[in-house]
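Residue numbering for the sequence shown follows the working numbering, beginning at 5 and increasing consecutively.
Structure first, commentary second.
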Amino acid sequence: MTVSETMDYIQSFQKGGKPVHDLSRIHALLEELGNPQDAARVVHIAGTNGKGSVVAFCAAAAVAAGFRVGTLTSPFVRRYQDRIQINGQEIPNDALCHYCEQVKSCKVSKACSQFEITFAIALLWFVAEKCDLVFLETGIGGLLDATNVVKHPLVCVITSVSYDHMTILGDSLTQIATQKAGIIKPGCSVILSPDNPMDVTCLVQETAQQKHASLIIPQMLDCRILTETLEETTFSYHCFQYTLHMPGRHQVYNALTAIEVIRLLGMHGFLISAAVTKQALESVQIPARTQVVQYEPMVLLDGGHNQAGVMALTDLLHTCGKSPIYGICGMIHTKDYVTACGILGQTFDEVICVDDFLADAVPAKTLAAYFGVTCIVRTGTLHKAYIVAQEQAKKSDGMVVVCGSLFLASKFLQEKDHPNKNTLL
C-alpha cells in the first residue's frame, strides 16, 4: 500500500464505528494480530481534559532517562501520523503502510472504527520496535474504549473529568466518571488529577476500593505556585521547583499527576530521577494547548472545546493576558458551543466567529448569537478574521486568541506550517 492508499483506507472508517457494548470487536482484531497489547508495558490514561499533556510530560521524562517510549494520543493536530510516536518521532510512512496492511488483512477489520484501526497499527509498531514503555491515551471514555483491552497496566491515570461526549458517556459527572474509572484494574495503582470535583473523586475512590487498587491524589497543600505568565509557570512540589512552558493553572495539575506517575514507574524498574523529571517537564510544549504562536502582536492558540477547557483558557487570560482581547472562535456541532460562547463572551472585548475550517462547524452567525452583549461580535472567514484581529491588536497593544476547536487549531497550524498566497500566514 502507498501512503495515499493507506490514508484512504484509514479515513474510510467512521471515527467511532458502530456502537459497542463490549470489547469483543477490538479483542477479535487483536487476536488475529497475535495480541500485541499483551507484549507492551503500558501506562493507561483516561479523562476529559489533560490526557495529552500528562502523556507528554511522562514520556519526555522517560525518554530523557534513556527509555524507548511509545505514545498513542487522540486526536491528531497537524497530521494523522502525529498521534503515533516513539521517542517523540512520528510513525514513518513505510511503517504506517506496512502495519496498516497487516490490519487490513484481518477479516474482522471491516467492522472496526478508525480509532480501533489506529490503535492496532500503533501496538504493532510499538512491539516491533521493542518499546520499553507505552503510554496509551483513551479515545472516548474508558470502560468501553478500545485501549481497555490492556489487562495489566503498570499504572492507571485519570485526569480532569468534566462534561464532554455526553451522548455517549452520560449526562452527569458521575456517569462520565464511571466510564473513565472503567480503566482501573485489580491491584493496579491509580493516580487521579487533583482538580476533580468531589463527586468524581468519590466515584473513583469507590471503584479503586472495589478493585483493591491503591489510589493516589497529588496534594495541593504540597504545591506552591510561584509565578504565572503566558510564557511559563513555576511551582514547587515536595521541595523541588519546576518550570512549565505550557501556561495555565490546569497544566500544574497535569504536571503533578505526571510527577506521581513517574514516581510509581520507579517501583516497576523505570528509574527516573527528580532532576531528569524537572528538566523534561520544562521542555514540553504541545501544539494548540494554550500555545503562543506569535509575540508581535501576541497570538494565543488554544484547542479547548468543552466547558472545562474553555474555563481554563479564560482563567489564564484573566490572570496573565493582555487587554484588549480579540477572539477568533469556531466550534463544531457535537460540542456545547452555547455554554462555551457564554464563557468566552465574558472575556473577549471583540470576537469574530468563523465556520470555514470544517464542514461540521457551527455556522458563524449561529455561534455569534450566543456571545451575548458583553463584547463586540462579528462573523467572517478565518483568513480575514486573522488579518483584522492582528491589525486591531497591533493598534491597541492587545492580543489575539484563536480558540473553540482542535479542528480550528489544526487548520491554523497547517496553514502556518505550509503558507502560500491562499492561506492565513
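Even for Gly, the Cβ is constructed at its ideal location relative to N, Cα and C.
Exercise. Are the CB atoms of E354 and V314 nearer to each other than 9 Å?
Worked result: No, Cβ-Cβ distance for E354 and V314 is not below 9 Å.
Exercise. Which whole-angstrom value describes the C-beta separation of L219 and Q183, a residue pair presumed to lie in contact below a C-beta threshold of 8 Å?
Worked result: Taking a contact as a CB-CB distance under 8 Å, the pair L219 and Q183 does not count as one, their CB atoms being some 17 Å apart.
For this session: Could you spell out where the alpha helix (DSSP H) holding F61 opens and where it closes?
Result: First-last of the alpha helix (DSSP H) with F61: K55 to A68.
Exercise. Just how far apart, CA to CA, sit P407 and T383?
Worked result: The sequence given here places Cys at residue 407; Pro does not occur at that position. In a straight line, the C-alpha of C407 is about 14 Å away from that of T383.
Exercise. Rounded C-beta distance between P201 and I221? I'm assuming under 8 Å.
Worked result: Not really, about 13 Å apart at Cβ, beyond 8 Å.
For this session: Would you check if there are 3 or more beta carbon pairs closer than 8 Å linking the segment 317 to 329 to the segment 167 to 181?
Result: Output reads no: the segment 167 to 181 does not touch the segment 317 to 329.
Problem set entry | Bounding residues of the alpha helix (DSSP H) (the contiguous stretch that carries C101) | According to the DSSP assignment, C101 belongs to the alpha helix (DSSP H) that extends over N97 to K108.
Exercise. Contact check, L137 vs F274 under 8 Å by CB: the rounded distance?
Worked result: So it is a contact: roughly 6 Å between Cβ atoms.
Exercise. Excluding sequence positions up to five away, which residues of its chain have a Cβ less than 8 Å from the Cβ of V131?
Worked result: So the list reads P40, A43 and A44, once near-sequence residues are dropped.
For this session: Rounded to whole angstroms, what's the CA-CA distance from E35 to G402? Just pull it up for me.
Result: It is roughly 56 Å from the alpha-carbon of E35 to the alpha-carbon of G402.
Problem set entry | Alpha carbon of C227 to alpha carbon of L305, nearest angstrom | Their backbone Cα atoms lie some 27 Å apart in a straight line.
For this session: Would you decide whether A279 is buried or exposed? Buried here means 16 or more other CB atoms lie within 10 Å of its CB.
Result: Classification for A279: exposed.
Exercise. What three-state label does DSSP hand H337 in the structure shown?
Worked result: In the structure shown, H337 adopts coil according to DSSP, grouped into three states.
Exercise. Residue ranges of each beta strand (DSSP E) run of no fewer than 3 residues wholly in the segment 299 to 348, ordered along the chain?
Worked result: Listed in chain order, the complete beta strand (DSSP E) runs (minimum 3 residues) inside the segment 299 to 348 are 302 to 305 and 329 to 333.
Exercise. Under 9 Å, do F17 and L76 count as touching if we go by C-beta distance?
Worked result: Contact: no.
Exercise. So, helix, strand or coil for I195, using DSSP?
Worked result: DSSP, reduced to helix, strand and coil, places I195 within a strand of the structure shown.
For this session: Please report the Cβ distance between V165 and V58, rounded to the nearest whole angstrom; I am assuming they are in contact, meaning their Cβ atoms lie under 8 Å.
Result: In fact, because the Cβ distance is near 13 Å, the residues do not count as touching under 8 Å.
For this session: Give every residue of the same chain whose Cβ lies closer than 6 Å to the Cβ of I356, excluding the five residues on either side of it in the sequence, and list them in chain order.
Result: Excluding its 5 nearest sequence neighbours in each direction, I356 has C-beta neighbours in its own chain below 6 Å: I332, R382, G384 and A389, listed in chain order.
For this session: Starting from E354, follow the beta strand (DSSP E) in both directions and report where the run begins and ends.
Result: Residues E354 to C357.
Exercise. For the candidate residues M224, F80, V81 and C101, whose alpha-carbon lies nearest to that of N258?
Worked result: Closest option to N258, Cα to Cα, is M224.
For this session: Can you have a look at M335 and say buried or exposed, based on whether 16 or more other CB atoms are within 10 angstroms of its CB?
Result: Counting C-beta atoms within 10 angstroms of its own C-beta, M335 has 16 or more neighbours from the protein chains shown and is therefore classed as buried.
For this session: Please confirm whether A66 and L269 have their CB atoms less than 9 Å apart.
Result: The answer is yes: Cβ separation under 9 Å.
Problem set entry | E9 burial status per 10 Å Cβ neighbour count (16 or more: buried) | That one is exposed.
For this session: Determine the closest residue to D360 out of H387, G376 and T370, with distance taken between C-alpha atoms.
Result: Selected option, being the one with the closest Cα: H387.
Exercise. If you draw a straight line from the C-alpha of I229 to the C-alpha of T238, how long is it?
Worked result: Inter-residue distance for I229 and T238 is about 6 Å (C-alpha atoms, whole angstroms).
For this session: With a threshold of 16 other CB atoms inside 10 Å of the CB of E300, please say whether the residue is buried or exposed.
Result: Its Cβ having fewer than 16 others within 10 Å, E300 is exposed.
Exercise. Counting along the chain, where does the alpha helix (DSSP H) carrying S240 start and finish?
Worked result: Per DSSP, S240 lies in no alpha helix (DSSP H); the unbroken beta strand (DSSP E) holding it starts and ends at T237 to Y241.
For this session: May I have the straight-line CA-CA distance separating K425 from C206, to the nearest angstrom?
Result: At K425, the pLDDT of 47 sits below 50, so the modelled position is not reliable; the number obtained from the coordinates is stated separately. Distance between the alpha carbons of K425 and C206 is about 54 Å.
Exercise. For I229, which three-state DSSP category applies?
Worked result: Correct three-state label for I229: strand.
Problem set entry | CA-to-CA distance, D340 to G346, given in whole angstroms | Cα-Cα distance, rounded: 10 Å.
Exercise. For T171, is the classification buried or exposed, using 16 other Cβ atoms within 10 angstroms of its Cβ as the cut-off for buried?
Worked result: By the neighbour-count rule (16 or more Cβ atoms within 10 Å), T171 is not buried but exposed.
Exercise. Where does K425 fall in DSSP's three states?
Worked result: Legend: pLDDT at K425 = 47, less than 50; position of this residue unreliable, value from coordinates given subsequently. Here K425 sits in coil by DSSP.
Exercise. Does the beta carbon of C227 come closer than 9 Å to any beta carbon on chain D?
Worked result: Among the protein chains of the structure shown there is no chain D, as only one such chain exists.
Exercise. If you draw a straight line from the C-alpha of A212 to the C-alpha of T52, how long is it?
Worked result: Roughly 19 Å separates the two Cα atoms.
For this session: Kindly list the residues whose CB is nearer than 6 Å to the CB of K55, restricted to its own chain and excluding five residues on each side of it in sequence; keep chain order.
Result: I49, E141 and T163, listed in sequence order.
Problem set entry | Burial state of T122 (16 or more Cβ within 10 Å) | Only buried fits T122, as 16 or more other CB atoms lie within 10 angstroms of its CB.
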